[in-house]
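For reference, the structure is listed below as structure tokens.
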Amino acid sequence: MACPDDLSALMRLARQGDDDAYRRLLDRVAIRLRLVVRRGLAAAGRGQSECEDIVQEALLAMHLKRDTWDGQRPIEPWLRAIAQHKLMDYLRRRGLRDHVDIDEWSNAPELAVEVGTPAAIDSRRLLESLPERQRTIVREISLEGHSAADVAARLGMSEGAVRVALHRALKALAAFYRRERP
Amino acid sequence: MKTEQLVEALVADGTAGARPLARSIVLALAGGIAVSLVVFFLTLGIRPDIRSALATWRFDLKVVMVLLGLVLAFGVCRDCARPDLPRHPLRRLLPLLVLVVAAVAIELALVPEPSWRQRLVGSNSMICLPMVPLFSLAPLVAVLAMLRRAAPASPALAGAAAGLLAALSGASLYAFHCFDDSPLFVATWYSLATLAMVAVGAVAGHRLLRW
């Protein structure tokens, strides 16, 4: 059994199909990401309300782009680079938006009121916009904790089809973060 | 959606069957080169005197230069596809630079000064300039499409690296057609065509490779 804090070892196990190792890796990475993002948002003078959205976006990127990690090297610099990329990307888009706002609304009262909800706001909106079948599959697996095989049996689909739909939904989620979010 | 719930979805999506980045780039590049090979044989084809050309050191050196460039550019492209870019990604190209400078120096030492100009301009420069990019097109499209699944630290740099890799693929084909084997010709016109593809790749990468 790998040392639980050796993230590289966990990812190597995950690549061999060890789901449990992958879950432990993602949990640990989420905790670290949250710290990094909070610090980054504070340093940029921004509120913390969208912290969890950035964490989720970085987790998704890490998952969908995992082939870009070179298994010969430690995983931490790779993780840090993805977290930084997503945080900078977010701040840059936000900065541009603020800039536009200043130009357009220079005489208007304060419009952007931060909503203090400590959960990912955007992903819920996205789930509602997914095609019904994909939405059901994501709900059953992520919210209710069913396995892909269970969901397949329940919906009368093959397990492969459930996995494909799930993968499509995750890609849609990543694309949504990039395109739709200010 | 809470983060723990997202984690469950990611775990269910699975990680088994990781495809190494290098293999994905090789596959994409091979597909692109296959298309370019067809275009090459439909347009220019191999020079008729290939047998005797292979016996001359200038032709062999030309082939070594483009193939070395191809191999080194592959390493640069793979590095640039990752989020954690090494500090000096272009350092890999140093051996190519040394080889080109040495080849040019040897040529200048061997050939009397009055013929430098004729060797430099050659007879094919106006074919080289459009044809190398033409043979690079399919490899560039294929590699860029593959890189969209990667996570480049700098999309523009990754696109430029794809342009470099594609240009050297195109140059490797073109080298078997062209009669101008002088290192003076190769260093000038192949480089110009390559720079054009690097610029195209950088612009395309900036637009297509953001993630």
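Chains as they are written, first to last, in the numbering used here: chain A, 1 to 182; chain B, 1001 to 1211.
Glycine included, every Cβ here is placed at the ideal spot set by N, Cα and C.
Keep in mind that this is a model prediction, so the values were computed, not measured.
Beta carbon proximity, residue i to chain B, threshold 8 angstroms
i: Asp19 of chain A; result: yes
i: Val37 of chain A; result: no
i: Glu110 of chain A; result: In this prediction, Glu110 of chain A scores a pLDDT of 33, lower than 50, which makes its location untrustworthy; no coordinate-derived value is stated.
i: Asp6 of chain A; result: no
i: Gln56 of chain A; result: yes
i: Leu10 of chain A; result: no
i: Gln16 of chain A; result: yes
i: Glu159 of chain A; result: no
i: Glu142 of chain A; result: A small fix is needed here, since residue 142 of chain A is Ser in this sequence, not Glu. Output row for Ser142 of chain A: interface = yes.
i: Tyr90 of chain A; result: no
i: Ala153 of chain A; result: no
i: Asp150 of chain A; result: no
i: Glu132 of chain A; result: no
i: Gly116 of chain A; result: Unreliable positioning characterises Gly116 of chain A in this predicted model, as indicated by a pLDDT of 37, which lies under 50. The coordinate reading is nonetheless provided below. Not an interface residue.
i: Gly145 of chain A; result: yes
i: Tyr177 of chain A; result: no
Below-8 angstroms beta-carbon distance, residue i vs any chain A residue
i: Met1146 of chain B; result: no
i: Leu1010 of chain B; result: yes
i: Ala1084 of chain B; result: In the sequence as presented, Ala is not what sits at residue 1084 of chain B; that position holds Asp. Yes, Asp1084 of chain B counts as interfacial toward chain A.
i: Arg1019 of chain B; result: yes
i: Leu1006 of chain B; result: yes
i: Ala1142 of chain B; result: no
i: Thr1003 of chain B; result: yes
i: Ala1161 of chain B; result: no
i: Ala1202 of chain B; result: no
i: Ala1153 of chain B; result: yes
i: Ala1081 of chain B; result: yes
i: Asp1180 of chain B; result: no
Span separating the alpha-carbon of residue i from that of residue j
i: Ala1162 of chain B; j: Ala1145 of chain B; result: 10 angstroms
i: Leu1027 of chain B; j: Trp1211 of chain B; result: 22 angstroms
i: Leu1085 of chain B; j: Ala1073 of chain B; result: 15 angstroms
i: Cys1128 of chain B; j: Ile82 of chain A; result: 41 angstroms
i: Arg80 of chain A; j: Lys86 of chain A; result: 10 angstroms
i: Trp1116 of chain B; j: Ala1109 of chain B; result: 10 angstroms
i: Gly71 of chain A; j: Ala1166 of chain B; result: 27 angstroms
i: Ile31 of chain A; j: Gly1032 of chain B; result: 42 angstroms
i: Ser1036 of chain B; j: Cys1080 of chain B; result: 24 angstroms
i: Pro131 of chain A; j: Leu1097 of chain B; result: 54 angstroms
i: Tyr1174 of chain B; j: His63 of chain A; result: 40 angstroms
i: Ala1153 of chain B; j: Pro1083 of chain B; result: 4 angstroms
i: Ala1030 of chain B; j: Ala1009 of chain B; result: 34 angstroms
i: Asp89 of chain A; j: Ile54 of chain A; result: 10 angstroms
i: Arg178 of chain A; j: Gly45 of chain A; result: 22 angstroms
i: Ala1158 of chain B; j: Ala1196 of chain B; result: 15 angstroms
i: Leu1042 of chain B; j: Ile1050 of chain B; result: 18 angstroms
i: Phe1179 of chain B; j: Ser1052 of chain B; result: 12 angstroms
i: Asp20 of chain A; j: Leu10 of chain A; result: 9 angstroms
i: Leu91 of chain A; j: Val1039 of chain B; result: 45 angstroms
i: Val162 of chain A; j: Leu26 of chain A; result: 22 angstroms
i: Thr1003 of chain B; j: Val1011 of chain B; result: 12 angstroms
i: Leu1067 of chain B; j: Pro1114 of chain B; result: 30 angstroms
Partner residues on chain E for residue i, Cβ-Cβ distance less than 7 angstroms
i: Thr136 of chain A; result: The structure shown contains no chain E; its protein chains are A and B.
Cβ distance (whole Å) where residue i is taken to contact residue j below 8 angstroms
i: Val1007 of chain B; j: Arg23 of chain A; result: 6 angstroms
i: Ile141 of chain A; j: Ala149 of chain A; result: Going by Cβ atoms, the distance from Ile141 of chain A to Ala149 of chain A rounds to 11 angstroms, so no, they are not a contact pair.
i: Asp67 of chain A; j: Arg1019 of chain B; result: 5 angstroms
i: Gly17 of chain A; j: Ala1016 of chain B; result: 4 angstroms
i: Leu1209 of chain B; j: Pro1155 of chain B; result: 4 angstroms
i: Ala1160 of chain B; j: Leu1021 of chain B; result: In fact, because the Cβ distance is near 17 angstroms, the residues do not count as touching under 8 angstroms.
i: Ile1046 of chain B; j: His1177 of chain B; result: 6 angstroms
i: Arg133 of chain A; j: Ala153 of chain A; result: The pair is not a contact, with the Cβ atoms about 15 angstroms apart (cut-off 8 angstroms).
Next item on the list: Mind the definition here: the stretch 1102–1112 of chain B touches the stretch 1175–1191 of chain B only if three or more C-beta pairs lie below 8 angstroms; say whether that holds.
Entry: yes
Next item on the list: Indicate whether the contact test is met: 3 or more Cβ pairs, each with one atom in the stretch 1167–1182 of chain B and one in the stretch 1078–1092 of chain B, closer than 8 angstroms.
Entry: no
Check: Three or more beta-carbon pairs under 8 angstroms between the stretch 1199–1207 of chain B and the stretch 1106–1121 of chain B, yes or no?
Finding: no
Next item on the list: Can you check the stretch 1151–1205 of chain B for any alpha helix (DSSP H) of at least 4 residues that lies completely inside it and give the ranges in chain order?
Entry: 1155–1174
Margin query: Between the stretch 31–39 of chain A and the stretch 49–65 of chain A, can you find at least three pairs of beta-carbon atoms closer than 8 angstroms?
Written below: yes
Next item on the list: Inspect the CB distances between the stretch 1137–1144 of chain B and the stretch 1187–1196 of chain B and report whether three or more fall short of 8 angstroms.
Entry: no
Note to self: I'd like to know if the stretch 169–179 of chain A and the stretch 123–133 of chain A are in contact, where contact means that at least 3 CB-CB pairs between them fall below 8 angstroms.
What the structure shows: yes
Margin query: In chain order, what are the residue ranges of uninterrupted alpha helix (DSSP H) at least 4 long that sit wholly in the stretch 1070–1137 of chain B?
Written below: 1094–1110 and 1116–1121
Next item on the list: Any chance you could list the alpha helix (DSSP H) runs of at least 4 consecutive residues sitting entirely within the stretch 1024–1057 of chain B, in chain order?
Entry: 1050–1054
Checklist line | Sequence ranges, alpha helix (DSSP H) only - wholly within the stretch 40–73 of chain A, length at least 4 | finding: 51–64
Checklist line | Length at least 4, wholly inside the stretch 118–174 of chain A: the alpha helix (DSSP H) runs in chain order | finding: 122–129, 132–138 and 148–155
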